[in-house]
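No gaps in the numbering here: position 451 of the sequence shown is 451 in the UniProt record's numbering, and each next residue is one more. Idealized CB from N, CA, C, for every residue including glycine. Reading through the structure tokens given below for one structure.
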Amino acid sequence: MADMKKNSELIFIPSPGIGHLVSALEFAKRIINQDSRISFTVLCIKFPFTPFSDSYIKSVLASQPRIRLIDLPEVDPPSPELLKCPEYFIYVFMESLIPHVKSTIQNILHMADDSNPVVGLVLDFFCLSMVDVGKEFDLPSYFFLTTNAGFFGAVLSLQKRQIDDVFCDSGPDLLIPGFSNLVPSRVLPNALSSKDGYFAFYKLAQNFTETKGIIVNSFSELEQYAIDEILKDEKMKVPPIYTVGPVIELKGQPNPNLDQALHDKIMKWLDDQPPSSVVFLCFGSMGSLSPSQTRELAKGLKNSGVRFLWAMRSPPTEDNADRTLTEGFLESTHDKGMICGWAPQVEVLAHKSIVGFVSHCGWNSILESLWFGVPILTLPIYAEQQLNAFRMVREFGLAVELRLDYQSDRDLVVADEIEGGITQLMDRDSEVHKKVQEMKEKARKAVLGGGSSFISTGKLIEDIIGENSS
């Protein structure tokens, strides 16, 4: 009988940053809701330069007694010089935490009892070096991928290259497992075109096949082709892949500086707009555009004549608006647009007034847009966002192309391009709109009982519990 079966504990080590922590906790909640025998201990990493949300964490812990958090000791960050490649900076930072992770796991194991044994580690991408820690304690590791199978295929392909074989933007198009099209070098993750970033990804990729399973925040209706192609090459020895998504926080990602008055003002403004009339612009918690690109975006918006909600990390003041945007922009668009420093993205995308989303193409934002059936106009900025944009436009036909290979330090998308992209985004009869609506239904069915991700999660649970299930 189910109630006679043993409980099992997993230790989850997410990469630093609130976005990764949210994904970890939402995944843990998903697993527990499907099988209450499992509990999670999440090792929490405080990372320099990034916000933290204690209120969100407290709300999760209050509602989920089978999740606990342990704060890892803070360590001195690497040299600021390494920030020229953020991925390498994170890699070095995570390596410095390994002794603390090892001692924390040792303490957890010492306190565990036979009725609730620790059965494995779940490791985020930048934590994959900790596979060796798991081996020391005879614990299997699972790789939790917060992004998509296409990214996994791209990084997996590094195993067939040399450790110093850095990509360049002008290199040839590439045949990458999981892609049906040749992939331009210029849309690969930014880190792969720098010596340090390439080294970090190359070293992390060596651990893929040392894990017992790959957990992907995606769903088979979106990425089954990619998964089949990745698993086809038996020489790569890829472990089983479990699609468990979309794993998203439907209450919205927490904001440590939440201003309830601003939240209410935004939602009231949206309530006053006609249905399917507003374009939402947001480039993530870490994304920002150059001053010249911001002005071109403002011109394109103004010329398009559409209603808009624009979330900017540093919104203009009355004193600098003409310089930050374009002269007279606020006056000429005051009846059609709203600019804010932060927006509750999930609530905005769910709102009936929203018709399209100008996005940096972060994977969480993509999943949220698909969940609510809101098509994207692509303007990727950093990390793997160019690759995500390429997949959404060229592989899936689920987004409108503005740019796929945008590099904010040297590219400029002019106002005419932006106006044209927004016009396409507003066309509700387009093929993209139709496909996005179809994928919305598939995404929601995937996580319901009997859906593809529900079934895949069940298989993962059985693999995790294994011999401990009786």
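1) Does the distance from the CB of Phe-12 to the CB of Leu-121 come in under 9 Å?
2) If you compare alpha carbons, which of Phe-40, Pro-80, Pro-16 is closest to Leu-72?
3) Give the straight-line distance between the Cα atoms of residue 482 and Ile-376, rounded to the nearest whole angstrom.
4) Which term fits Val-414, buried or exposed, when burial requires 16 or more other beta carbons within 10 angstroms of its beta carbon?
5) Residues in its own chain within less than 6 Å of Glu-249 by CB, not counting five upstream and five downstream?
6) What does the Cβ neighbour count give for Met-426, buried or exposed, with the cut at 16 atoms within 10 Å?
7) Quick check on DSSP: helix, strand or coil for Ala-443?
8) By the three-class DSSP mapping on this structure, what secondary structure does Phe-112 have?
9) When the Cα of Asp-165 is compared with those of Tyr-202, Asn-7, Ser-141, which residue comes out closest?
10) Pull the bridge partners of Ala-311 from the DSSP assignment, please.
11) According to DSSP, is Phe-283 part of a helix, a strand, or is it coil?
12) Please confirm whether Gly-19 and Ser-285 have their CB atoms less than 9 Å apart.
13) I'd like the list of long-range same chain contacts for Val-278, defined as Cβ closer than 7 Å, with 5 residues on each side in sequence excluded.
14) On a Cα-Cα basis, can you pick out the residue from Ile-461, Pro-117, Val-374 that is closest to Leu-139?
15) Of all the beta strand (DSSP E) runs that stay within the bounds of the stretch 110-145, which reach a length of 3 or more residues?
16) What's the C-alpha gap between Lys-273 and Met-338?
17) Here's the rule: buried if 16 or more other CB atoms are within 10 angstroms of the residue's CB, otherwise exposed. What is residue 484?
18) Could you tell me the alpha carbon to alpha carbon distance between Val-183 and Lys-336, rounded to whole angstroms?
19) So, are the CB atoms of Leu-169 and Lys-84 less than 9 Å apart?
20) Answer yes if the stretch 313-332 comes into contact with the stretch 447-455, meaning at least three C-beta pairs across the two stretches below 8 Å, and no otherwise.
21) Got a sec? Which residues, its chain only, sit under 8 Å from Thr-104 by beta carbon, not counting five neighbours each side?
22) Quick one, are the C-beta atoms of Gly-341 and Ser-314 less than 9 Å apart?
23) Give the list of continuous beta strand (DSSP E) stretches no shorter than 3 residues that lie fully inside the stretch 182-259.
24) Could you tell me which of Phe-125, Arg-68, Arg-391 sits nearest to Glu-95, measuring between CA atoms?
25) With distances taken from CA atoms, which of Glu-74, Leu-82, Glu-81 is nearest Ile-98?
26) CB Asp-409 to CB Ser-290, shorter than 9 Å?
27) Is Leu-301 near Ile-422, with beta carbons less than 9 Å apart?
28) By how many angstroms is the C-alpha of Thr-326 removed from the C-alpha of Tyr-242?
29) As a quick exercise: from Ile-461, Asp-463, Leu-460, Ala-443, pick the residue whose alpha carbon is nearest that of Ser-220.
30) Taking just the CA atoms, how far does Ala-191 sit from Gln-224?
31) Trp-363: which of Ala-343, Ala-205, Met-267, Gly-150 sits nearest, CA to CA?
32) Since Pro-239 and Ile-214 are thought to touch, with beta carbons under 8 Å apart, how far apart are those beta carbons, to the nearest angstrom?
33) Which of the three DSSP states is assigned to Ala-399 in this structure?
34) Looking at the unbroken beta strand (DSSP E) that takes in Asp-71, where does it start and where does it end?
Short version:
1) On the sequence shown, position 12 is the one that residue 12 refers to. On the sequence shown, position 121 is the one that residue 121 refers to. Taking 9 Å as the Cβ cut-off, Phe-12 and Leu-121 qualify as a contacting pair.
2) Locating residue 72 in the sequence shown gives position 72, where the first residue counts as 1. Ranking Phe-40, Pro-80, Pro-16 by Cα distance to Leu-72 puts Pro-16 first.
3) The structure shown does not extend to residue 482, since the chain spans only 1 to 470, so no value can be given for it.
4) Within the sequence shown, residue 414 is the residue found at index 414, counting from 1. Exposed.
5) By 1-based counting over the sequence shown, the position of residue 249 is 249. Within the same chain, Val-22, Glu-26 come within 6 Å of Glu-249 by CB-CB distance, once the 5 residues on both sides are set aside.
6) What you label residue 426 is simply residue 426 of the sequence shown in a count that begins at 1. Classification of Met-426: buried, given that the 10 Å Cβ count is 16 or more.
7) Mapped onto the sequence shown, residue 443 falls at position 443. Ala-443 falls in the helix class under three-state DSSP.
8) Residue 112 sits at position 112 when you count from the first residue of the sequence shown. Note that residue 112 is Ala in the sequence shown, not Phe. Per DSSP, reduced to three states, the secondary structure at Ala-112 is coil, with no helix or strand assignment.
9) Here the question's residue 165 lines up with position 165 in the sequence shown. Of Tyr-202, Asn-7, Ser-141, the residue nearest in Cα terms is Tyr-202.
10) Along the sequence shown, read from residue 1 onward, the residue named residue 311 stands at position 311. DSSP links Ala-311 through a beta bridge to Cys-340.
11) Counting from one through the sequence shown, the residue named residue 283 turns up at place 283. The answer is coil: DSSP assigns Phe-283 none of H, G, I, E or B.
12) As a first step, residue 19 is located in the sequence shown; it is residue number 19 there, counting from the start. As a first step, residue 285 is located in the sequence shown; it is residue number 285 there, counting from the start. Yes; because the gap between Cβ atoms is below 9 Å, this pair is in contact.
13) Sequence index remark: in the sequence shown, residue 278 carries index 278 (1-based). Short of 7 Å from the beta carbon of Val-278, and not among the five residues preceding or following it, lie these beta carbons of its own chain, in chain order: Leu-270, Arg-307, Phe-308, Leu-309, Ser-353, Ile-354, Val-355.
14) Within the sequence shown, numbered from 1, the residue matching residue 139 stands at position 139. Of the candidates Ile-461, Pro-117, Val-374, the one whose C-alpha sits nearest the C-alpha of Leu-139 is Pro-117.
15) You should have 118-123, 141-145.
16) Along the sequence shown, read from residue 1 onward, the residue named residue 273 stands at position 273. Along the sequence shown, read from residue 1 onward, the residue named residue 338 stands at position 338. The question names Lys, yet the displayed sequence has Gln at residue 273. Rounded to the nearest whole angstrom, the C-alpha separation of Gln-273 and Met-338 is 11 Å.
17) Outside the displayed range of the chain (1 to 470) lies residue 484, so it cannot be described from this structure.
18) Against the sequence shown, residue 183 aligns to sequence position 183. Against the sequence shown, residue 336 aligns to sequence position 336. As the crow flies, the alpha-carbon of Val-183 is around 39 Å from that of Lys-336.
19) Translated into the one-based positions of the sequence shown, residue 169 becomes position 169. Translated into the one-based positions of the sequence shown, residue 84 becomes position 84. Position check: residue 169 holds Asp in this sequence, whereas Leu was assumed. For Asp-169 and Lys-84, no; Cβs fall outside 9 Å.
20) By the criterion of at least three beta-carbon pairs nearer than 8 Å, the stretch 447-455 is not in contact with the stretch 313-332.
21) Against the sequence shown, residue 104 aligns to sequence position 104. So the qualifying residues of the chain are Leu-43, Ile-70, Leu-72.
22) By 1-based counting over the sequence shown, the position of residue 341 is 341. By 1-based counting over the sequence shown, the position of residue 314 is 314. Contact flag set, yes.
23) Those beta strand (DSSP E) runs which fall completely within the stretch 182-259 and span 3+ residues are 213-216, 241-243.
24) To locate residue 95, count along the sequence shown from 1; it is residue 95. Nearest option by C-alpha distance: Phe-125.
25) Position 98 of the sequence shown holds residue 98. Across the set Glu-74, Leu-82, Glu-81, the C-alpha of Glu-74 shows the shortest separation from the C-alpha of Ile-98.
26) Counting from 1 along the sequence shown, the entry for residue 409 is found at position 409. Counting from 1 along the sequence shown, the entry for residue 290 is found at position 290. Pairing Asp-409 with Ser-290 gives a Cβ-Cβ distance under 9 Å.
27) As a position in the sequence shown, residue 301 is number 301, starting the count at 1. As a position in the sequence shown, residue 422 is number 422, starting the count at 1. Their beta carbons are under 9 Å apart, which means Leu-301 touches Ile-422 by this criterion.
28) In the sequence shown, counting from the first residue as 1, residue 242 sits at position 242. In the sequence shown, counting from the first residue as 1, residue 326 sits at position 326. Here the alpha carbons of Thr-326 and Tyr-242 stand approximately 48 Å from one another.
29) Here residue 220 refers to the residue found at position 220 of the sequence shown. Ala-443 is the residue among Ile-461, Asp-463, Leu-460, Ala-443 whose C-alpha sits nearest the C-alpha of Ser-220.
30) Reading the sequence shown from its first residue, position 224 is the one you call residue 224. Reading the sequence shown from its first residue, position 191 is the one you call residue 191. Between the alpha carbons of Gln-224 and Ala-191 lies a distance of about 26 Å.
31) Residue 363 sits at position 363 when you count from the first residue of the sequence shown. Nearest Cα to Trp-363 within the set Ala-343, Ala-205, Met-267, Gly-150: Gly-150.
32) For this step, residue 239 is matched to residue 239 along the sequence shown. For this step, residue 214 is matched to residue 214 along the sequence shown. The C-beta separation of Pro-239 from Ile-214 comes to about 6 Å, placing the pair in contact by the 8 Å criterion.
33) Your numbering for residue 399 matches position 399 in the sequence shown. In the displayed model, Ala-399 falls within a strand according to three-state DSSP.
34) For the purposes of this step, residue 71 is identified with residue 71 of the sequence shown, where counting begins at 1. Note, Asp-71: beta strand (DSSP E), 67-71.
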